[in-house]
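Chemist: In our numbering, the protein residues as written are 958 to 1135.
Just so you know, even glycine gets a beta-carbon here, dropped at the ideal spot from N, CA and C.
Here the structure is a predicted model, which is why all the values come from computation and not from measurement.
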Amino acid sequence: MPQSSVLDMSDDLLGAMNQQVANELGASVQYVLVASYFDGRSLPGLARFFHAQAGEERDHAMRFARFVVDSGAQLRIPAIPEQQSDFASASAAVGLALDWEEEVTRQILALVDRARRDRNVVAERFLDWFVNEQHEEVTTMRELLDVVEHAGEDDLLAVEERLAREGMPAGGSSARPA
Ligand SMILES: [Fe+2]
Ligand SMILES: [Fe+2]
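1. Going along the chain, which residues put their C-beta within less than 6 Å of some heavy atom in ligand 2?
2. Give me the Cα-Cα distance between serine 1131 and methionine 1125, rounded to the nearest whole angstrom.
3. State the DSSP-derived secondary structure class of arginine 1122, mapped to helix, strand or coil.
4. Buried or exposed: where does tryptophan 1057 fall if 16 or more other Cβ atoms within 10 Å of its Cβ makes it buried?
5. Report all residues from its chain with a CB closer than 7 Å to the CB of leucine 1084; omit the five preceding and five following residues, and keep chain order.
6. Ligand 1 and glutamate 1008: does the residue's C-beta get closer than 7 Å to at least one heavy atom of that ligand?
7. Who are the Cβ neighbours of aspartate 1027 in its own chain at under 8 Å, not counting the five residues just before and after it?
8. So, is glycine 983 buried or exposed, given that buried needs 16 or more other C-beta atoms within 10 angstroms?
9. Starting from the Cα of valine 989, find the closest Cα among Arg998, Asn975, Gln976, Ala1004 and give me that residue.
10. How long is the line joining the alpha carbons of threonine 1096 and glutamine 977, rounded to whole angstroms?
11. With a threshold of 7 Å on Cβ separation, who are the neighbours of glutamine 1040 within its own chain once the five nearest residues in sequence on each side are excluded?
12. Pick from Tyr994, Ala979, Ser1046: whose alpha carbon is nearest that of alanine 1022?
13. Please state whether the Cβ-Cβ distance between leucine 1101 and valine 1061 is less than 8 Å.
14. Do you know whose CA, among Asp1103, Leu1032, Met1098, lies nearest alanine 1018's CA?
15. Per DSSP, what kind of secondary structure is glycine 1029 in: helix, strand or coil?
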């Protein structure tokens, strides 16, 4: 029996942290599928943006995985549901990504709530980074959706040109350290 540690988490919080590893990996899979949709439509700028996002979501999953392991617990990753691979339009694909970011933000805030109820300040501080990250990701995705909707389905090359010229929308992954 390992001795108790200040890093111990309650069973509920541990379960939610393990679940968040799966949630972030699910987001990563979803963004690979969105990127591939854009690859299939020969829109490399949009594809590159979502491949980069997929990489970031994997990094998020690893941060949670590491936190679980550092707490002395065993990492368990619940099953990841199949993600959507077909989209009616570019704005439907980006809209789905925005819905994902909103959902993940709710998941992170629920984790903060859980940590607070446990008075687990270590976990709460760990989650601060994700709260800031979600603010950035929701903003970035909302901005990309605006750009795609303004351009319309017939003028996605304008979006490509803008991504090539300006890189990621404000707060996008290229602006952040790993
Ligand atoms: Fe994430
Ligand atoms: Fe995200």
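Modeler: With the given structure in hand:
1. That query returns the following residues: Ala984, Glu1014, Glu1058, Val1061, Glu1094.
2. Because the pLDDT at serine 1131 is just 46, under 50, the model does not fix this residue reliably, and the point stays unresolved.
3. helix
4. By the Cβ neighbour-count rule, tryptophan 1057 is buried, with 16 or more other Cβ atoms within 10 Å of its own.
5. Ile1065, Leu1068, Val1069, Ala1072
6. It should be pointed out that residue 1008 corresponds to histidine in this sequence rather than to glutamate. Not under cutoff, so the answer is no.
7. Leu964
8. buried
9. For the options Arg998, Asn975, Gln976, Ala1004, the alpha carbon positioned closest to that of valine 989 is the one of Ala1004.
10. 21 Å
11. Gly983, Val986, Gln987, Leu990
12. Ala979
13. no
14. Leu1032
15. The DSSP-derived three-state label of glycine 1029 is coil.
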